[in-house]
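S.K.: Going by UniProt numbering, the sequence shown opens with residue 1, and the numbers climb by one from there.
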Amino acid sequence: MPFYLFFDQPFVEGTLIMTSFLLIISFLLHIIALYAIVQLYWKVKALNQPNTAEVTELFETYLQEIKEENDRLHELLESHQVNHINTSTQKKEKMGEKRINSPIPEPPPIENKENSDSLEASLEAKVLQLHQQGLSITDIAKRLHCGETEAALIIKLHKK
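1. Short check: CB of I137 to CB of A125, under 8 angstroms?
2. Could you check where the alpha helix (DSSP H) with H145 kicks off and where it finishes?
3. Going by the beta-carbon positions, is the gap between L119 and L144 smaller than 8 angstroms?
4. Which residues bound the alpha helix (DSSP H) around E124?
5. Please state the DSSP three-state secondary structure of S136.
6. Alpha carbon to alpha carbon, what distance is there between H84 and I66?
7. On the CB-based measure, 16 or more other CB atoms within 10 Å of its CB, does I140 come out buried or exposed?
8. Which residue from Q132, G134, V127 and H74 puts its Cα closest to that of G147?
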């Protein structure tokens, strides 16, 4: 036996009609809400995208400023080079006159001095020399004030 038979017939019809009406209103509200969300999404997306015309105009003005600055720098360099060429030719002429008028100086005599350079043997050479003399690794380390493993390593590397 169906469930709705326990209730009066008008109550069941009224609840079915009311439920249907509320479902239709709910679907309409959902559709309107989704439409509004989509419209807002497209507006936000349009606002966030930079206007290509504005960006192009900005780049053109920036490029124009760079070109003007480049032209000014080019003119400044050309004027500086002309001034530099003029001053360098004047200096060369003055130097040429000084060379013609001045006698050639004699270089000072070279004195023979004994080299006071002292050669000091490296740690490796000292270790190997003492090892060839027959000293033990501990004696070599004590004399040269280095570690025993360091002396042993130097000897082993030399043997290879």
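We treat Cβ as the ideally placed atom computed from N, Cα and C, and that holds for glycine.
M.R.: The answer reads as follows:
1. no
2. Here H145 belongs to no alpha helix (DSSP H), and DSSP marks it neither H nor E.
3. no
4. L123 to Q132
5. coil
6. 26 angstroms
7. buried
8. V127
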